[in-house]
Every structure is written in C-alpha cells, then in structure tokens.
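This report concerns only the one structure given below.
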Amino acid sequence: MDVDLFRRLRLRGQARADDGGVDDLLTALRLVTGRPFDQLRPGGWSWLADIGINHHMTFAIVDVAHLLATHFLQQGEVDRAQAVTETALLAAPYDEIPKLDMAAILEAQGHDEESRKLIDQGICNSAEDDGLPAEVGQRTEQILADQRWNRQRQRAS
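In my numbering, the protein residues as written are 13 to 169.
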C-alpha cells in the first residue's frame with residue numbers, strides 16, 4: 013500500500029467533506045489490500061518495529077472506512093457501506109469499530125438476529141489469545157449503550 017498517497021487522500025477527503033471528499037476517501041481505501049505492512053520483503057522495513065506506523069495506518073484505515081460506512085448508511089447505500097467495512101475488516105480483523113459498522117449494516121439489511129449475534133459473539137463475548145474474554149473498549153460500551161442494540165441484547169437474554 014502506498015502510505016503517503018493514502019495519507020494525502022485521507023487529508024484531502026476530510027478537508028473537502030461533501031465537495032468530493034467521499035471520492036478521495038474511497039480512493040484511499042482502494043489502496044488497502046490487507047493488514048498494513050503484512051507483506052514485507054524478508055529483511056526489509058525492519059525500522060517499522062520501532063516507530064509504530066503499522067498501528068497508525070491500521071487506525072487510519074479503520075477511521076476512513078468508518079466515516080464512509082456512516083455516510084453511506086445515512087444515505088441508504090447499504091451495499092457501499094458493506095464494501096468499505098469489509099475493507100476495514102481486511103486491515104483490522106479484530107477491531108471493534110468495523111464489527112460495529114457491520115452490525116449496523118446487517119440491521120439495515122433487516123438481519124436483526126445476525127446483527128445481535130455479531131455484537132454478542134464478535135464483540136461482547138469474544139476471547140483473547142489466552143482464552144479469557146476480551147475487554148470491551150470504553151468507546152464500544154458507549155456506542156452499545158447509545159444504540160438500541162443494547163436494549164435488544166437485554167430483551168434476548
């Protein structure tokens with residue numbers, strides 16, 4: 013992935029907002045083919061371990077995809093929201109934000125049961141590598157509390 017181009021497109025897209033910004037953000041996401049820096053040549057880019065740009069780029073990809081997914085859901089373009097969210101999941105398969113976006117997409121498609129299942133199993137009851145339940149982030153807790161998903165989960169229990 014061309015990191016510099018992604019960054020420039022992201023900045024321009026956010027600055028332009030409704031005046032072509034969505035196109036810039038989509039172009040930035042088209043550069044994403046998986047996790048950042050996961051296909052390095054042997055012995056190359058070893059300096060990355062010390063500066064954390066891989067984490068920064070993961071967060072940037074998730075952020076761009078979330079902005080677009082939210083925009084497309086508000087516009088009723090569920091298929092486009094799903095496409096950008098799937099890209100975010102390629103880059104950050106364990107991140108909660110793309111999973112929450114996918115839950116919203118499933119709900120918008122009328123798949124309430126699948127949405128609730130994703131929240132329950134993929135977010136709230138997911139396990140860490142050691143088998144212990146993963147801690148749900150504060151932002152995720154707030155989103156769940158603000159959304160009706162929380163009420164649905166309580167009724168389903």
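No residue lacks a Cβ here, since even glycine has one placed at the ideal position from N, Cα and C.
Computed from a predicted structure; not experimentally measured.
In the structure shown, D31 falls within a coil segment according to DSSP collapsed to helix, strand and coil. Within its own chain, the residues whose Cβ lies closer than 6 Å to the Cβ of A115, once the five positions on either side in sequence are excluded, are S127, L130 and I131, listed in chain order. The Cβ atoms of V44 and T82 do not sit closer than 8 Å to each other.
Here the C-alpha atom of A120 lies approximately 7 Å from the C-alpha atom of V90.
In the three-state reduction of the DSSP assignment, L43 falls in the coil class. L80 sits close to L37, with the two beta carbons spaced by under 8 Å. Separation of G33 and A72 (C-alpha to C-alpha, rounded to the nearest whole angstrom) is 16 Å.
The C-beta distance from E108 to T152 rounds to 5 Å, short enough to meet the 8 Å contact threshold. For E147, the three-state secondary structure derived from DSSP is coil.
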